[in-house]
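One structure is given here, and the rest of the page talks about it.
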Amino acid sequence: MSQLTIFQDSAPDAILVRTEDAEVMATELAKIGVQFERWESPVTLSPEDSAEIILEAYRPYLDALMGAKGAGSADVIKLTPENPAAPALREKFLSEHQHTEDEIRFFVHGSGHFVMHVGEKVYDALCEQGDLISVPAHTKHWFDAGAKPFFTALRVFTDTSGWVAHFTGDKISERFPVA
Ligand SMILES: [Fe+2]
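Each residue of the sequence shown is one higher than the last, beginning at 2 in the numbering used here.
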């Protein structure tokens, strides 16, 4: 179940808001400029399906989204616990960072936590299959899909060279274990 939990950044133990209501999630996240939507899958896809099949199935949504965002490309990323690179990938995006372009992801299968640090609050968005999240450029955030990551996600890029992680050096994510 998708879920949003909001904390004061100085108090990881004190939950300010917790909701599994997608509309409330969208409303709360919109306040910090983060777009959150649930998409109905047009077809039933298997985790074994190729990137081409997944991109084709979501083409109508992608075309609309890419048009709205001025995005030039999309691809598919899969991560499973068997992937030998999984621990290193987890480690990399677990530290607070920013990008110079929006981070736009749609979960075809599986789940992961996008955690945004805006002002003095932390917004932990657990995204599940069917969830779209768009984190604006320059928003401080981190990502965690846990020690046994399992997800397939569409990625939409306005400029692939912009999707480079700039680390803030803040150790805040160590105080907010989410997965
Ligand atoms: Fe990121």
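Glycine included, C-beta positions come from ideal geometry on N, C-alpha and C. In this text, all values refer to a predicted model and were calculated from it rather than measured experimentally.
Separation of residue j from residue i, as counted between CA atoms
i	j	result
residue 175	residue 168	14 Å
residue 9	residue 32	15 Å
residue 125	residue 131	17 Å
residue 115	residue 177	12 Å
residue 38	residue 23	8 Å
residue 6	residue 152	21 Å
residue 136	residue 73	17 Å
residue 127	residue 27	12 Å
residue 102	residue 138	4 Å
residue 1	residue 110	For residue 1 there is no data in the structure shown, the boundaries of the chain being 2 and 180.
residue 100	residue 142	9 Å
residue 75	residue 157	4 Å
residue 17	residue 11	12 Å
residue 19	residue 60	33 Å
residue 129	residue 155	13 Å
Near ligand 1: residue i beta-carbon under 7 Å from a heavy atom
i	result
residue 94	yes
residue 166	yes
residue 104	yes
residue 98	yes
residue 142	yes
Where the alpha helix (DSSP H) containing residue i begins and where it ends
i	result
residue 88	87-94
residue 60	60-70
beta-carbon residue i near ligand 3 non-hydrogen atom, thresh 7 Å
i	result
residue 118	This structure lacks ligand 3; its bound ligands are ligand 1.
Range covered by the beta strand (DSSP E) that runs through residue i
i	result
residue 117	113-119
residue 165	Residue 165 -> no beta strand (DSSP E), and no H or E assigned at all.
residue 1	In this structure the chain extends from 2 to 180, so residue 1 is not present and cannot be described.
residue 44	Residue 44 -> no beta strand (DSSP E), and no H or E assigned at all.
residue 77	74-80
residue 153	152-158
Residues near residue i by beta carbon distance below 7 Å, same chain, minus five either side
i	result
residue 171	97
residue 21	2, 3 and 4
residue 173	10, 97 and 118
Any C-beta of chain B under 8 Å from that of residue i
i	result
residue 117	No chain B is part of this structure, which consists of one protein chain only.
Contact set for residue i: own chain, Cβ-Cβ below 8 Å, skip 5 residues either direction
i	result
residue 71	159
residue 15	8 and 9
Same chain, Cβ closer than 6 Å to residue i, neighbours up to 5 away in sequence not counted
i	result
residue 150	80 and 87
At a cut of 8 Å, does the region 85-98 reach the region 50-57 through at least three beta carbon pairs? Short answer: they don't touch.
Cβ contact check for the region 37-47 and the region 140-147: 3 or more pairs under 8 Å: Output reads no: the region 140-147 does not touch the region 37-47.
contact_flag[the region 79-94, the region 60-67] where n(CB pairs < 8 Å) is 3 or more: These segments do not touch.
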